[in-house]
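Data block below; observations after.
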Amino acid sequence: MLKEILLQVEKPARYIGNEINMVVKKPEDVDIRLAFCFPDVYEVGMSHLGLQILYYFFNRREDTYCERCFAPWYDMEEKMRENNIPLFALETGDSLKKFDFVAFTLQYEMSYTNIVNMLDLAGIPIWSKDRSEDDPIVIAGGPCAYNPEPLAEMVDIFYIGEGEVSYDEFLDLYKEMKKNGGTKEDFLEKCLKIEGIYVPKFYDVTYKENGEIASFTPNHPDAPKVIKKVIVKDMDTAFYPEKQLVPLIETVHDRVTLEVFRGCIRGCRFCQAGYVYRPVREKSCGKLLGLADSLLKNSGHEEISLTSLSTGDYRSFVELANGLIDNYSKDSVSISLPSLRIDAFSLDLMERVQAVRKSGLTFAPEAGTQRLRDVINKGITEEEILNGCALAFSGGWTRVKLYFMVGLPTETDDDLLGIVKLANAIVEKFFEIPKEERKGRPISVTVSSACFVPKPFTPFQWTAQSTVDEFMRKQKFVKTSMNRKQVKYNYHEPELSSLEGVLARGDRRVGKVIYRAWELGAKFDGWTELFKYDSWMQAFEDTGISKEFYANRERSYDEILPWDHISIGVTKDFFIKEMERAKAETVTLNCRKQCAGCGAAQFGGGVCFE
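Taking our numbering, the leading residue of the sequence shown gets 9, the next gets one more, and so forth.
Structure representation (structure tokens):
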């Protein structure tokens with residue numbers, strides 16, 4: 009039946025497995041079966057580095073078989089429901105119901121309805137309280153797990169931190185419990201003693217009349233008051249696969265991915281990733297060159313991508329980039345560099361990397377004026393941006409992309425006008441080049457603006473988000489102010505960002521909205537063409553939950569936040585201090601220039617001890 013169905017859907021290769029480097033085991037030969045579930049379509053999930061790392065990390069254990077599962081696209085889901093085919097894993101085709109663990113990675117808040125949909129398709133009860141001993145244990149991890157509360161009544165266990173640290177202890181415990189006939193409840197209780205594990209059922213929440221959290225307390229003697237994230241201290245000795253799954257169809261990123269370091273030395277006040285992955289921990293250049301060799305040999309890919317939050321801050325960056333170019337350019341293997349900060353711009357390096365074809369330049373000033381860049385601690389000046397562009401134009405580049413955010417804290421119309429002025433100034437820099445040297449090449453500047461979403465574990469976690477109407481006014485203001493034909497302006501849908509703001513800072517009550525939105529047809533919310541804003545608005549109305557309470561309200565420093573029981577190492581006092589520095593328009597230097605005492609030194613490694 010499945011073969012017949014696959015002939016009727018778009019891209020059947022999304023559902024068949026059998027990729028190069030896929031792990032094959034016999035389910036009857038293992039003690040633990042774990043389904044790694046990515047709540048988006050195959051092409052997106054297969055481009056995700058975390059999946060590649062954890063897939064091989066779990067499968068290196070002889071007693072464990074980790075298989076993959078992705079959200080089926082609309083056409084496939086329709087056929088599965090029509091023919092009563094439950095959601096299955098790619099490696100064996102077995103239903104997720106047969107697994108010990110169904111593990112979701114939370115990369116993006118707008119994938120939450122897909123998690124509900126996948127559980128439903130698998131025949132697994134959506135609410136934790138409704139699951140029996142026969143149902144798999146549902147786990148979730150990843151960046152959005154740092155505020156687990158919107159999914160706390162659907163997910164049995166949250167893993168807080170980096171997977172390579174505690175999962176072996178976790179699986180050893182499960183294997184022992186299974187062998188000794190322990191119940192799921194016994195296992196959940198014993199998990200409370202493993203670092204980085206949060207089991208929501210062992211915590212009670214009460215609320216004040218005004219809707220704020222009144223108390224958040226453990227209801228089990230072994231449940232810690234605060235769950236501290238776990239991190240890898242030594243990146244050179246940490247597990248990293250020497251091969252990657254090679255898809256049979258084109259995915260978002262078809263290339264070898266090298267993780268250069270984790271964390272970020274920059275303290276951009278809007279950036280959650282920059283804080284939750286602290287401290288910076290680097291891999292050595294020799295280790296990376298060795299990995300590049302084995303990954304290319306084992307995959308056949310013709311592109312290497314360097315990935316980290318601010319890759320230009322890697323201390324051996326020039327040595328690594330030159331090493332990769334020297335080793336592989338003769339074999340026509342291209343090197344994909346991330347968007348480098350303009351203050352670390354190396355024209356010589358870019359010339360070598362892009363000798364065949366010059367791509368565009370990508371810069372992220374984030375704000376249009378120096379005042380607002382200081383508020384968000386971007387640490388880059390207009391002079392550096394213009395000098396970087398001038399250098400690039402003289403080297404033959406003619407296409408520039410600029411990324412901004414609208415709705416940032418303290419933003420005024422002058423700041424919005426600054427976006428237009430900066431784009432125009434870049435065009436003018438190009439026309440400073442003598443006409444004969446331009447050789448008739450046109451200049452193209454593309455300006456994109458996203459809507460600011462306040463995130464947990466950032467200095468801006470207390471701020472109010474702009475309303476949809478405010479975002480629309482700001483975007484229209486920028487668009488109508490653009491007055492040069494060389495500048496093109498794109499902007500994000502504010503409705504989507506507004507909902508992201510609710511889910512990012514939501515508490516347990518928001519789970520009811522997610523469930524109701526799914527009932528009303530919401531899924532693949534991150535896909536503009538499938539996003540159903542009306543379903544979400546109806547869900548808020550049906551559940552009696554206020555969207556504005558979560559998105560558009562400023563919090564006080566003493567309010568209990570839904571994620572206060574999670575510790576990322578960076579202290580709340582530090583975030584308060586940074587918020588006050590933002591109000592004062594004061595810049596905080598990066599970690600290598602001056603330690604700001606954020607608290608991440610408690611992990612005992614990384615940049616804090618260089």
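Don't be surprised by glycine CBs; every beta carbon is placed ideally from N, CA and C.
How far does the alpha helix (DSSP H) with V510 in it extend, from its first residue to its last?
P502 to A512
Do the CB positions of K429 and T370 come within less than 7 Å of each other?
no
For the beta strand (DSSP E) holding K496, just list the boundary residues, first then last.
If you look at K496, you'll find it in the beta strand (DSSP E) that goes V495 to Y499.
Of all the beta strand (DSSP E) runs that stay within the bounds of the region 385-451, which reach a length of 3 or more residues?
Considered as a whole, the region 385-451 harbours 407-414 as its complete beta strand (DSSP E) runs of no fewer than 3 residues, in chain order.
Whole-angstrom C-beta distance between D423 and G387, which should lie under 8 Å:
That pair is no contact at about 17 Å.
To the nearest whole angstrom, what separates the beta carbons of E75 and E36, a pair I think is in contact under 8 Å?
Between E36 and E75 the Cβ distance is about 14 Å, and since that is not below 8 Å, they are no contact.
Assuming V455 and F485 make a contact with CB atoms under 8 Å, what is their CB distance in whole Å?
That pair is no contact at about 13 Å.
Sequence-distant residues of its chain with Cβ nearer than 8 Å to I202 (five each side left out):
S174, E177, F178 and L181
Which residue's Cα is closest to the Cα of V326: Q16, V615 and C293?
C293
Does the separation of the CB atoms of V595 and N432 fall below 7 Å?
no
First and last residue of the beta strand (DSSP E) that includes A43?
I40 to F46
According to DSSP, is V268 part of a helix, a strand, or is it coil?
coil
With a threshold of 8 Å, are at least 3 pairs of Cβ atoms found where one atom belongs to the region 10-17 and the other to the region 44-61?
no
Proximal residues to D143 (C-beta, below 8 Å), its chain only, five neighbours per side dropped:
K105, I132 and P133
Taking Cβ to Cβ, would you say A285 is nearer than 7 Å to T466?
In the sequence on display, residue 285 carries Tyr and not Ala. At a Cβ-Cβ threshold of 7 Å, Y285 and T466 do not count as neighbours.
Same chain only: Cβ atoms within 8 Å of G204, ignoring 5 sequence neighbours per side
Excluding positions up to five away in sequence, the list reads Y167, I168, G169, V173, S174, I235, K236, K237 and V238.
Contact set for F539: own chain, Cβ-Cβ below 7 Å, skip 5 residues either direction
L504 and D533
Which listed residue (A300, W535, P450 and A79) has its alpha carbon closest to that of V49:
The option with the nearest alpha carbon to V49 is A79.
Touch check for the region 157-165 and the region 517-535: three-plus C-beta pairs under 8 Å?
yes
State the DSSP-derived secondary structure class of D212, mapped to helix, strand or coil.
strand
Three CB pairs or more closer than 8 Å across the region 19-31 and the region 248-257
Note that the region 19-31 touches the region 248-257; at least 3 beta-carbon pairs, one per stretch, sit closer than 8 Å.
Where D351 and N598 are concerned, what is the direct C-alpha to C-alpha distance, given to the nearest angstrom?
The predicted model places D351 with a pLDDT of 44, which falls under 50 and marks its position as unreliable; any figure quoted below should be read in that light. Their backbone Cα atoms lie some 13 Å apart in a straight line.
Would the C-beta of T466 count as close to the ligand ZN, meaning under 6 Å from any of its heavy atoms?
Inclusion of the ligand ZN in the displayed structure is not the case, the ligand content being empty and no account of it being possible.
Please go through the same chain and pick out, in chain order, the residues whose beta-carbon is closer than 6 Å to the beta-carbon of F107, but skip the five residues on each side of it.
R41, A43 and P144
Please determine, among K591, G552, P570 and R524, the residue with the shortest C-alpha to C-alpha distance to N125.
R524
Apart from the five residues just before and just after Y154, which ones in its own chain have a Cβ nearer than 8 Å to its Cβ?
I168, K237, Q280, V284, P464, F465, W571, I574 and I576
Looking only at C-alpha atoms, which of K493, E508 and S318 sits nearest to H500?
E508
Report buried or exposed for Y497, applying the criterion of at least 16 other Cβ atoms within 10 angstroms of its Cβ.
buried
Taking the C-alpha atoms as reference points, what is the distance between D623 and S140?
Here the chain has residues from 9 to 618 only, and residue 623 is not among them.
Would you grab the beta carbon distance between S313 and S340 for me? Rounded to a whole angstrom, and I think it's under 8 Å.
Between S340 and S313 the Cβ distance is about 16 Å, and since that is not below 8 Å, they are no contact.
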